[in-house]
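What follows is one structure encoded as structure tokens, with my remarks underneath.
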Amino acid sequence: MVSLANKALVITGASRGIGREFAKIALKESAFVTVSARDTSKMAELFSDFPEDRVHIVAADISHPDQAKQLIDAAIHRWKRIDVLVNNAGVSMRGNFIDLQSDVVEKVFQTNTFGTAYTTMYALPKIIKSEGSVIFVNTISGVVGFPGSSIYSSSKMALSAIAQAIDAELYQNSVHIGSVYLPYVTNDREKVIIDSDGNEIHHQRKAKISQYQAALLIRKSILRRKRRIIFGFLGKFAWFINGVAPFIADFILRTSRGSIHRITKSKTS
Ligand SMILES: NC(=O)c1ccc[n+]([C@@H]2O[C@H](COP(=O)([O-])OP(=O)(O)OC[C@H]3O[C@@H](n4cnc5c(N)ncnc54)[C@H](OP(=O)(O)O)[C@@H]3O)[C@@H](O)[C@H]2O)c1
């Protein structure tokens, strides 16, 4: 594939951030794009520069299986096929594990892991038919268990296992299953993450790449049918070391705690 032109895409979490940037890239290349989020009130304006017959907006909370199914069904109804599913919707958290309330675990897993599993299982039959792609937008903290980010890390690690298993199950079907492991990306000001009490908080920190650069990596994964894209030397190093010598990864995480993720002092200490 040399471009996304005339491909039918479903992009979850396209109302902000990386999902919005990738949707714009796909629309500029004349793809047919179903864009989705829970709150779609601003999405018509967001994509108003693009032809109406290329943009399809669907409100869905993917953490509910029935809504994830409605999203996929709506895209199939609109485009008559699905070539690419970009599983981008996600929610992040910060806080030491010992301080976490149970609803933090639920909220993060419900969107990042369960929601992504639902959209994927409902879209797969069509993607198998079109010999298309399923993309999992992952993170370097889905490679190793980041301190202060335990539930986010583990919810994303689960996606690596899902991707690997589907790839093996379907390897004779010419389906592409890709995972894109991103570093810190620029955040929209509206972005919220969940703190240890389950409150939504705004969170800004220094980014390694822009949303546009992240979106280009997703595009590269689709066009080149890459199974894994891990951004940067540190990401690749983390992947390698955790695989071959996890005790070195443990040492680095223990000793650089705080410089990897700035975390607050535990409430219980
Ligand atoms: N930003 C980073 O530094 C970074 C780094 C590595 C990986 N990533 C991953 O990249 C992806 C996008 O990150 P981002 O920074 O662009 O996030 P973001 O700005 O918070 O956007 C998240 C998007 O997902 C949607 N969403 C959240 N929960 C949802 C749900 N239950 N059902 C449907 N849609 C939902 C949001 O819209 P609504 O709230 O309206 O639903 C929004 O459109 C995530 O998977 C994240 O884990 C981000």
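In my numbering, the protein residues as written are -15 to 253.
The C-beta atom is built at its ideal place from N, Cα and C for all residues, glycine as well.
Secondary structure of residue i, DSSP reduced to three states
i, result
"Arg211", "coil"
"Phe16", "strand"
"Ile111", "helix"
"Met77", "strand"
"Ser134", "helix"
"Phe31", "coil"
"Gly182", "coil"
"Leu(-7)", "strand"
"Ile46", "coil"
"Val39", "strand"
"Ala10", "helix"
"Ala21", "strand"
"Ile66", "coil"
"Arg0", "coil"
"Ser(-13)", "coil"
"Ser158", "coil"
"Gln85", "coil"
"Ala152", "helix"
"Lys204", "helix"
"Ser240", "coil"
"Ala229", "coil"
"Lys91", "helix"
DSSP beta-bridge partners of residue i
i, result
"His61", "Per DSSP, none; premise fails for His61."
"Phe120", "Asn71, Ser163"
"Val128", "Beta-bridge pairing links Val128 to no other residue."
"Ile177", "Ile185"
"Val169", "Ile193"
Residue i Cβ short of 7 Å to ligand 1 heavy atom set
i, result
"Tyr102", "no"
"Leu30", "no"
"Val68", "no"
"Thr123", "yes"
"Arg203", "no"
"Leu166", "yes"
"Gly227", "no"
"Gly74", "yes"
"Ile2", "yes"
"Val17", "no"
"Gly132", "no"
"Val42", "no"
"Asn183", "no"
"Arg22", "yes"
"Lys190", "no"
"Gly116", "no"
"Thr97", "no"
6 Å CB neighbourhood of residue i in its chain, flanking five on each side removed
i, result
"Ser(-13)", "Glu13"
"Phe31", "Val39"
"Ile214", "Tyr165, Lys220, Trp223"
"Tyr168", "Ala191, Lys192"
"His187", "Ile177"
"Ala149", "none"
"Asp151", "Ile161"
Residues of its chain near residue i, where Cβ-Cβ distance is below 7 Å and the 5 sequence neighbours each way are ignored
i, result
"Gly99", "Ile46, Ser47, Ala52, Ala73"
"Ile202", "Phe6, Val70, Ile119, Val121, Val164"
"Ser114", "Arg65, Ile66, Asp67"
"Ser205", "Ile119, Gly162, Val164, Ile213"
"Ser144", "Asn122, Gly126, Ser163"
Below-8 Å beta-carbon distance, residue i vs any chain C residue
i, result
"Lys12", "You won't find chain C in this structure, because it holds only one protein chain."
Same chain, Cβ closer than 8 Å to residue i, five either side skipped, listed in chain order
i, result
"Asn226", "Val127, Val128, Ala233"
Residue i CB to nearest heavy atom of ligand 2 below 7 Å
i, result
"Asn171", "Among the ligands modelled here, namely ligand 1, ligand 2 does not occur."
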